[in-house]
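J.:
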Amino acid sequence: MRSLKVKLTLFSILLGLAGVILVLVSLYSSSTSGIYKGAEARAEILSDEITYSLEILLTQEDLFSLQRLVEKSSTLEDVVQVIVVDTQQKILAHTNRTLVGQTMNDLLIQDAIHNDRKVSQNNGQHIIFVSPLHGQSFTSEFFNVVGALRVEIDFSNNVAEQQIAFGVIALGAMSILTVMFGIQYFTIKNIIIDRLRDVEAGIARSLNDELSSPLAINNSFGTEDEINSIARTYNYLISSLHDSQEKIKSERDFALQIMESMKEGLTMTNADRVFEYVNPAYAHFLGLSAQEVIGKRPEDFTNPEDRSSLETEWSVRKEGSASSYESSLVSRTGGETRVLISSVPRYVNGEFSGSIAVITDISQRARIEQMTVSLQRKLVFEELTAHLASTFMNMPSSEIGGAIQDALGRLGELFDVDRTYIFEVSPDGRLINNTHEWCAKDISPQIDNLQGIPVEVLPWWMSLLAKGETINVPRVSEMPPEAATEQGILAEQGIQSVLVTPIRSENELFGFLGLDSVVRERNWSKDEVQFLQVLMGIIMNTITRHRAEEKLRESEARNRAFLNAVPDLIFRIDETGTFLDYRAGEEKKLFVPPEAIIGNRLESIMPPDITQSTMINIKTALETGQTQKFEYKIQAENETLTYDAHVVPSGPKEVIVVAHDISERAHLEQMKSDFVNRASHELRTPLTTAILMATLLEGETTPEERLQFMDILKQQLNRQRLLLEDLLVAGRIENKRFQVHLSPTDIHSVISEALSSAQPQADTREITIQLEKDEDLPLINSDHQALIQIMLNLLSNAIKFSNPGGQVEVIVRKEESRLHICVRDHGIGIPAQDLSHITNRFFRAQNATQMEIPGTGIGLYIIKEILESLGGHMEIESVEDQGTSMNIFLPLDLIDPS
788 MRSLKVKLTL FSILLGLAGV ILVLVSLYSS STSGIYKGAE ARAEILSDEI TYSLEILLTQ
848 EDLFSLQRLV EKSSTLEDVV QVIVVDTQQK ILAHTNRTLV GQTMNDLLIQ DAIHNDRKVS
908 QNNGQHIIFV SPLHGQSFTS EFFNVVGALR VEIDFSNNVA EQQIAFGVIA LGAMSILTVM
968 FGIQYFTIKN IIIDRLRDVE AGIARSLNDE LSSPLAINNS FGTEDEINSI ARTYNYLISS
1028 LHDSQEKIKS ERDFALQIME SMKEGLTMTN ADRVFEYVNP AYAHFLGLSA QEVIGKRPED
1088 FTNPEDRSSL ETEWSVRKEG SASSYESSLV SRTGGETRVL ISSVPRYVNG EFSGSIAVIT
1148 DISQRARIEQ MTVSLQRKLV FEELTAHLAS TFMNMPSSEI GGAIQDALGR LGELFDVDRT
1208 YIFEVSPDGR LINNTHEWCA KDISPQIDNL QGIPVEVLPW WMSLLAKGET INVPRVSEMP
1268 PEAATEQGIL AEQGIQSVLV TPIRSENELF GFLGLDSVVR ERNWSKDEVQ FLQVLMGIIM
1328 NTITRHRAEE KLRESEARNR AFLNAVPDLI FRIDETGTFL DYRAGEEKKL FVPPEAIIGN
1388 RLESIMPPDI TQSTMINIKT ALETGQTQKF EYKIQAENET LTYDAHVVPS GPKEVIVVAH
1448 DISERAHLEQ MKSDFVNRAS HELRTPLTTA ILMATLLEGE TTPEERLQFM DILKQQLNRQ
1508 RLLLEDLLVA GRIENKRFQV HLSPTDIHSV ISEALSSAQP QADTREITIQ LEKDEDLPLI
1568 NSDHQALIQI MLNLLSNAIK FSNPGGQVEV IVRKEESRLH ICVRDHGIGI PAQDLSHITN
1628 RFFRAQNATQ MEIPGTGIGL YIIKEILESL GGHMEIESVE DQGTSMNIFL PLDLIDPS
């Protein structure tokens, strides 16, 4: 009930009714009260009139006269009943004489007799009045209560008469009040209600956007009153509102033109997160029209993986805060666009009513960022590969187990997984055993539970690995039905995703290398699979080399024991190639009974190529009288055996041929060669990044992107060059083939070139390089390129082991008989126990390894060897956690005087 006129009307009606009711209630209450009081007074008077006579008759014990008096009193108007009782409430006289002599039990009578007082009781339309009766007057008995008089009076007739009178009065009052109410209503209607109705009609028109109809000003009741003020205010407001609406409409049309023409997407959602408006740019992201999007929700077009962040950002908006976040929109065709969403809350009347968001396409930037992350990850993996390759290259077999364990830990951290492991297949191929395992924090180890597992337990798993296939399972819950057994085992361990690649040795399944993700599901990328396979190759070569070395040691031990008693294979052969004698242990792979060889010719036993080589060496040995040596390979069952044969003349027409089995050693040397080649190949992988940058530079790019791509390209090519130069120099040094080329060398030029090459690396880590040098440095007789390589290695190490934002000092001084170059950093330093080994090949300081700082461990080895070739030497001063000073000294006596 919001209408004022209705309220006024109801107020008038209620006020009139209230007045009538108040008057009627007052009259009725007054008349009823008078009737009650009159009846009570009459009862008391009547009681007093007959009490005296009753007391006399009662004293005289004239019960007959007493009864007559009572009956006569009962005939009086409105008297219903008169009763006289003694103090025991025995009826002495009664209107109904048949009740005389009976005893009553009336509480009013008891009260009157006991307390010697008059009492009364109103029963609606009847009044009962009880008076105590005393003894004879003017005697001492007057003070004694001898009984009581009970009188009952009916005043219903008086009430009825009073009600009739009240009805007449009430009718008159209602008529008068009705007339007064009518006068009041019509007065209020003309003065207030009709004018309010006009105001209401005007407001209704304004709500329907009819702002051109002002309210009329009514001066019938004076020039100014509140309603006229309201009307004038209303007219002013609608006039202003009309002008404002026209202005807002113009501004809205302008804003709509801007929103419709924006390249960025623009959306408005209500409090239920439903689109109320989207511009064409946003609809274009989705391949839809704007009308197809309106009424839908943002999550209908959001990549499922980003919906949780959508909920989080909506909560931020409801709390009144703006924010920006990235998400992926899914179009009608299923394509995805990476966008940046900047959203602010909307409010209506102070209450949250949704949000407004600007959506910017950042897919190009996202691709570049993803490419950068991928490149960085590749670089990290390359460094890890180089580190593992250099670590495993010449590591003693006794240390390989610990190195593999360390490699698994670094692999797990690189891939951000929860568990990495290696399983090996038993020699008989029936069981698999978990030999190595690394677990992330709070992840339970499983190695003790995974020993001696029969191959038959994992049929699907082992069949794929036996074929050389990598097992890629993004979601264990969605493994195929044929992998039900494997799925149950993985689920029991809480594994959600798994990636496993086989480890093969000599075309046989040696075991497998695996990654487990327990905390979350993982979609393994192509790069991750390739990285794992490359690392598997390194570990496979290491394990195979380890096994081969063990076999070699065992074989050599057997051979030594055998040779102490009997040579390997001993043949006595004449000049025609006929076997005259043969001796060999039964454990030899080519052992045959002597009777199967003696008397036969070479060509009937050996392949043609071996027969030809043997006959040539027999002929040469017989002609020269000197021992001849040659190697030959022979196929035996499933393997190729290599023998070192010594042909010794033992007579004019016969020789002794001692054949020594060197298969294991030859195999090991081949594996080392393969290992070095593979490591070198992996070190060349920065070329992939360089090619990618070159491809991007050929496309359409902004100037900023071109600079970024060029920087990455230069860094990768420079890194590739330095790595290859170090490896090549290390190889030449190891093979005693490294040579320096002395010529007059300008040390200023060497320092300048080295600083220029190292500057990009320093910029990446925000390292400042400070140069202090003597200006009168002479030409020295040295190797310009070798000195640059020394300086680049020193600068690279100083930058790499410095804290970001630090400083590296390069100091060049001419001393009495030598040139002193110092490269000083203030980084992590070298532990004291590692200083004596730091220039050993492949050695890395313990803190550098623990902090996972990349490096091959050959830089200082190369510097030391080159310096010694140049007649100089190096001195290292270092304090852990304070920094390192690398001092190199070159002799000045080699300076060309010209």
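Just so you know, we're using our numbering here: the sequence shown kicks off at 788 and counts up by one. Every residue, glycine too, gets a C-beta built ideally from N, C-alpha and C.
Report the partner residues of Phe1299 according to the DSSP bridge assignment.
T.: Counting from 1 along the sequence shown, the entry for residue 1299 is found at position 512. Answer by DSSP bridge pairing, in chain order: Phe1210 and Pro1289.
J.: If you measure between the beta carbons of Glu1662 and Gly1616, is that distance less than 8 angstroms?
T.: In the sequence shown, counting from the first residue as 1, residue 1662 sits at position 875. In the sequence shown, counting from the first residue as 1, residue 1616 sits at position 829. It is not a contact, given that the beta carbons lie outside the stated cut-off.
J.: With H, G and I counted as helix, E and B as strand and the rest as coil, what does DSSP make of Ile1421?
T.: Looking up residue 1421 in the sequence shown gives position 634. DSSP places Ile1421 in strand when its eight states are reduced to three.
J.: Give the DSSP-derived three-state secondary structure of His1333 in the structure shown.
T.: Taking the sequence shown and counting its residues from 1, one reaches residue 1333 at position 546. Three-state DSSP puts His1333 in a helix.
J.: Taking its Cβ as the centre, do 16 or more other Cβ atoms sit within 10 Å of Asp1205, making it buried, or is it exposed?
T.: As a working note, residue 1205 is residue 418 in the sequence shown. Under this definition Asp1205 is a buried residue.
J.: Going along the chain, which unbroken runs of the beta strand (DSSP E) with 3 or more residues stay wholly within the region 844–873?
T.: 866–873
J.: If contacts are defined as beta-carbon pairs under 8 angstroms, then Val1442 and Ile1405 qualify, I think. What distance do you get, rounded to the angstrom?
T.: For the purposes of this step, residue 1442 is taken as the residue at position 655 of the sequence shown. For the purposes of this step, residue 1405 is taken as the residue at position 618 of the sequence shown. Indeed, because the Cβ distance is near 5 angstroms, the residues count as touching under 8 angstroms.
J.: So, for Val1305: in the same chain, excluding its five sequence neighbours on each side, which residues have a beta-carbon less than 7 angstroms away from its beta-carbon?
T.: Stepping through the sequence shown from its first residue, residue 1305 is reached at position 518. These residues qualify, in order along the chain: Asp1205, Arg1206, Ile1230, Gly1281, Ile1282 and Gln1283.
J.: Does DSSP put Pro1268 in a helix, in a strand, or in coil?
T.: What you label residue 1268 is simply residue 481 of the sequence shown in a count that begins at 1. Three-state result, Pro1268: helix.
J.: On a Cα-Cα basis, can you pick out the residue from Met1497, Ala805 and Ile878 that is closest to Gln889?
T.: Taking the first residue of the sequence shown as 1, we reach residue 889 at position 102. Ranking the options by Cα distance to Gln889, first place goes to Ile878.
J.: List the endpoints of the continuous beta strand (DSSP E) containing Arg1359.
T.: To locate residue 1359, count along the sequence shown from 1; it is residue 572. Here the beta strand (DSSP E) through Arg1359 covers Leu1356 to Asp1361.
J.: Could you pull out every unbroken alpha helix (DSSP H) segment of at least 4 residues lying fully inside the region 1623–1684, listed in chain order?
T.: 1633–1637 and 1646–1656
J.: Would you call the region 1574–1586 and the region 1526–1545 touching, i.e. three or more CB-CB distances under 8 angstroms?
T.: yes
J.: Assuming Leu879 is part of the alpha helix (DSSP H), what are its boundary residues?
T.: For the purposes of this step, residue 879 is identified with residue 92 of the sequence shown, where counting begins at 1. Leu879 -> not in any alpha helix (DSSP H); beta strand (DSSP E) instead, spanning Ile878 to His881.
J.: Are Leu1677 and Gly1659 touching if we call contact CB-CB under 8 angstroms?
T.: Within the sequence shown, the letter at position 890 stands for residue 1677. Within the sequence shown, the letter at position 872 stands for residue 1659. Cβ atoms of Leu1677 and Gly1659: closer than 8 angstroms.
J.: Are Val1212 and Gly1301 touching if we call contact CB-CB under 8 angstroms?
T.: Indexing the sequence shown from 1 puts residue 1212 at position 425. Indexing the sequence shown from 1 puts residue 1301 at position 514. For Val1212 and Gly1301, no; Cβs fall outside 8 angstroms.
J.: Going by DSSP, which residues form a beta bridge with Gly1122?
T.: In the sequence shown, residue 1122 corresponds to position 335, counting from 1. Answer is none; Gly1122 lacks a bridge partner.
J.: Give the DSSP bridge partners of Gln1415, in chain order.
T.: By one-based count along the sequence shown, residue 1415 stands at place 628. Per DSSP, Val1434.
J.: Could you tell me the alpha carbon to alpha carbon distance between Glu1371 and Ala1423, rounded to whole angstroms?
T.: Mapped onto the sequence shown, residue 1371 falls at position 584. Mapped onto the sequence shown, residue 1423 falls at position 636. As written in the sequence, residue 1371 is Ala, which differs from the Glu given in the question. Approximately 16 angstroms, taken between the alpha carbons.
J.: In terms of residue numbering, what span does the beta strand (DSSP E) encompassing Asp1148 cover?
T.: Within the sequence shown, numbered from 1, the residue matching residue 1148 stands at position 361. It spans Glu1138 to Asp1148 - the beta strand (DSSP E) in which Asp1148 sits, taken as one unbroken run.
J.: Count Cβ pairs between the region 1613–1628 and the region 1561–1573 that sit closer than 8 angstroms; are there 3 or more?
T.: no
J.: Would you decide whether Gly1137 is buried or exposed? Buried here means 16 or more other CB atoms lie within 10 Å of its CB.
T.: Position 350 of the sequence shown, counted from the first residue, corresponds to residue 1137. Flag for Gly1137 reads exposed.
J.: Given a cut-off of 8 angstroms on the beta-carbon distance, is the pair Pro1001 and Asn1022 in contact?
T.: The count along the sequence shown starts at 1 and reaches residue 1001 at position 214. The count along the sequence shown starts at 1 and reaches residue 1022 at position 235. Against a cut-off of 8 angstroms, the Cβ pair of Asn1022 and Pro1001 comes out as a contact.
J.: Taking contact to mean at least 3 C-beta pairs separated by less than 8 angstroms, is the region 1636–1648 in contact with the region 1590–1601?
T.: no
J.: For Arg1104, which of helix, strand or coil comes out of DSSP?
T.: As a position in the sequence shown, residue 1104 is number 317, starting the count at 1. The answer is helix: DSSP assigns Arg1104 an H, G or I state.
J.: Could you check the C-alpha separation between Leu809 and Ser962 for me, to the nearest Å?
T.: For this step, residue 809 is matched to residue 22 along the sequence shown. For this step, residue 962 is matched to residue 175 along the sequence shown. Each residue's Cα considered, the two are about 15 angstroms apart.
J.: Is Asn1066 near Gly1141, with beta carbons less than 8 angstroms apart?
T.: Here the question's residue 1066 lines up with position 279 in the sequence shown. Here the question's residue 1141 lines up with position 354 in the sequence shown. No, they are not a contact pair.
J.: Looking only at its chain, what residues have a beta carbon closer than 7 angstroms to the beta carbon of Asp898, apart from the 5 residues adjacent to it on each side?
T.: Taking the first residue of the sequence shown as 1, we reach residue 898 at position 111. Excluding residues within five positions, the ones whose Cβ falls inside 7 angstroms are Val906.
J.: I believe His913 touches Asp941 by the beta-carbon criterion, under 8 angstroms. Please report the beta-carbon distance rounded to the nearest angstrom.
T.: Along the sequence shown, read from residue 1 onward, the residue named residue 913 stands at position 126. Along the sequence shown, read from residue 1 onward, the residue named residue 941 stands at position 154. Their Cβ separation, rounded to whole angstroms, is 6 angstroms, which keeps His913 and Asp941 in contact under 8 angstroms.
J.: What three-state label does DSSP hand Glu1426 in the structure shown?
T.: As a first step, residue 1426 must be located in the sequence shown, where it is residue number 639. The answer is strand: DSSP assigns Glu1426 an E or B state.
J.: Could you pull the start and end residues of the alpha helix (DSSP H) that Trp1248 belongs to?
T.: Residue 1248 sits at position 461 when you count from the first residue of the sequence shown. Its alpha helix (DSSP H) spans residues Pro1246 to Ala1253.
J.: Under the DSSP definition of a beta bridge, which residues are partnered with Met1055?
T.: In the sequence shown, residue 1055 corresponds to position 268, counting from 1. Note: Met1055 sits in a beta bridge opposite Tyr1064 and Ile1143.
J.: Between the Cα of Lys859 and the Cα atoms of Ile900, Ser840, Ile1276 and Gln876, which residue gives the shortest distance?
T.: Translated into the one-based positions of the sequence shown, residue 859 becomes position 72. For Lys859, the nearest C-alpha among the options comes from Ser840.
J.: With 16 as the cutoff for other CB atoms within 10 Å, does Val1444 come out buried or exposed?
T.: What you label residue 1444 is simply residue 657 of the sequence shown in a count that begins at 1. By the neighbour-count rule (16 or more Cβ atoms within 10 Å), Val1444 is buried.
J.: Taking the alpha-carbon of Leu1322 as reference, which of Arg1332, Ile1290 and Trp1311 has the nearest alpha-carbon?
T.: For the purposes of this step, residue 1322 is taken as the residue at position 535 of the sequence shown. The option with the nearest alpha carbon to Leu1322 is Ile1290.
J.: Helix, strand or coil for Gly934 per DSSP?
T.: As a first step, residue 934 is located in the sequence shown; it is residue number 147 there, counting from the start. Gly934: strand per DSSP, three-state reduction.
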